[in-house]
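Input: a single structure, listed below in structure tokens.
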Amino acid sequence: MARPRTARLSREIIGRAAIDYVTAGHELQLVPLAKQLGVSVSSLYHHVDGRDGVIRAMRHVLVPEYIAVAPEAEGWEQRIRREVERTWRMYADHPGVLQLMLTVIIDEPDVLRFYTSLAAALTAAGVPDEHLLTTIEVIDAFTFGAALDALSPETILDPESVEPGLGELIRRHPVGVERNRRVFDRGLDFIIAGIRARAVG
Numbered sequence: 001m002a003r004p005r006t007a008r009l010s011r012e013i014i015g016r017a018a019i020d021y022v023t024a025g026h027e028l029q030l031v032p033l034a035k036q037l038g039v040s041v042s043s044l045y046h047h048v049d050g051r052d053g054v055i056r057a058m059r060h061v062l063v064p065e066y067i068a069v070a071p072e073a074e075g076w077e078q079r080i081r082r083e084v085e086r087t088w089r090m091y092a093d094h095p096g097v098l099q100l101m102l103t104v105i106i107d108e109p110d111v112l113r114f115y116t117s118l119a120a121a122l123t124a125a126g127v128p129d130e131h132l133l134t135t136i137e138v139i140d141a142f143t144f145g146a147a148l149d150a151l152s153p154e155t156i157l158d159p160e161s162v163e164p165g166l167g168e169l170i171r172r173h174p175v176g177v178e179r180n181r182r183v184f185d186r187g188l189d190f191i192i193a194g195i196r197a198r199a200v201g
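Under full-length UniProt numbering, think of the first position of the sequence shown as 1, with each following residue one higher.
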């Protein structure tokens with residue numbers, strides 16, 4: 001009796017292949033992606049809904065690898081720091097994928113649970129309901145920007161092209177990964193301080 005064939009495609013397989021393809025520096029297109037997978041474009045449509053569906057599949061694969069809802073027993077600040085840190089790391093590790101994910105509405109349960117947990121932490125901090133979504137959007141914008149900062153040159157400002165005082169500061173400033181880490185930590189500190197200062201109660 002013939003053994004059943006192993007499934008060649010699934011949403012996860014397509015999502016992982018697309019992540020690898022984009023990370024290698026390619027623009028996401030269905031025809032070359034299907035060719036890399038050794039299938040026809042029509043085969044992709046059995047599992048994903050076009051290009052947007054591929055992007056959702058990428059997010060479906062990545063999110064469980066990085067993001068887990070923080071325990072509610074933690075204080076609101078610890079929950080926000082933990083969840084934002086994981087999101088930043090995911091985006092910083094996959095900046096090309098990040099730029100694609102920003103173009104597609106979020107409807108994946110894992111991601112929505114993250115935002116629900118973040119909203120709960122902000123509520124626990126005393127953020128009024130009318131400010132919740134804007135605060136979440138500010139956190140998102142910061143996280144996206146801090147992740148894309150990882151693509152910057154090791155030294156953003158040329159110390160030889162500025163006045164001497166600023167040039168000396170630039171020469172003493174961390175570069176590369178250390179600089180990016182400091183940008184993230186300092187920025188998140190500012191956000192936490194802002195939440196605490198504006199919270200009601």
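Idealized CB from N, CA, C, for every residue including glycine.
In the three-state reduction of the DSSP assignment, T103 falls in the coil class. Residue L102 holds the alpha-carbon nearest to the alpha-carbon of R56 among Y115, L102 and V127. Cα atoms of T135 and V200: separation of roughly 14 Å, rounded to the nearest angstrom. Counting only unbroken stretches of 4 or more residues, the alpha helix (DSSP H) elements lying wholly within the segment 139-174 are 164-172, in sequence order. Rounded to the nearest angstrom, the gap between the Cα atoms of L188 and M90 is 16 Å. Annotated three-state conformation of R8 is coil, per DSSP. Under the Cβ criterion (8 Å, minimum of three pairs), the segment 163-174 does not count as touching the segment 105-117. The straight-line gap separating the alpha-carbon atoms of A150 and V177 is approximately 7 Å.
With respect to L37, V54 sits apart: the two C-beta atoms are not nearer than 8 Å. For D93, the enclosing alpha helix (DSSP H) has its first and last residue at W76 to D93.
Distances from the alpha-carbon of I195 to those of D49, E65 and E77 put E77 closest. For the pair L100 and F144, the Cα-to-Cα distance works out to about 12 Å. Counting only residues of its own chain and dropping the five nearest sequence neighbours on each side, G15 has a CB closer than 6 Å to the CB of A57, M58, H60 and V61. Inter-residue distance for I139 and I19 is about 24 Å (C-alpha atoms, whole angstroms). For H46, the three-state secondary structure derived from DSSP is coil. Using a Cβ distance threshold of 8 Å, G96 and T23 count as a contacting pair. Counting along the chain, the unbroken alpha helix (DSSP H) around I195 starts and ends at G176 to R198.
About 6 Å separates the Cβ atoms of L9 and S43, confirming a contact at the 8 Å cut-off. Relative to the Cα of P64, the nearest Cα in the group G50, F114, I191 and L118 belongs to F114. In this structure, L33 is the residue among L33, A197 and S161 with its C-alpha nearest to the C-alpha of A17. In terms of Cα proximity to E12, the closest of I191, F184 and H46 is H46.
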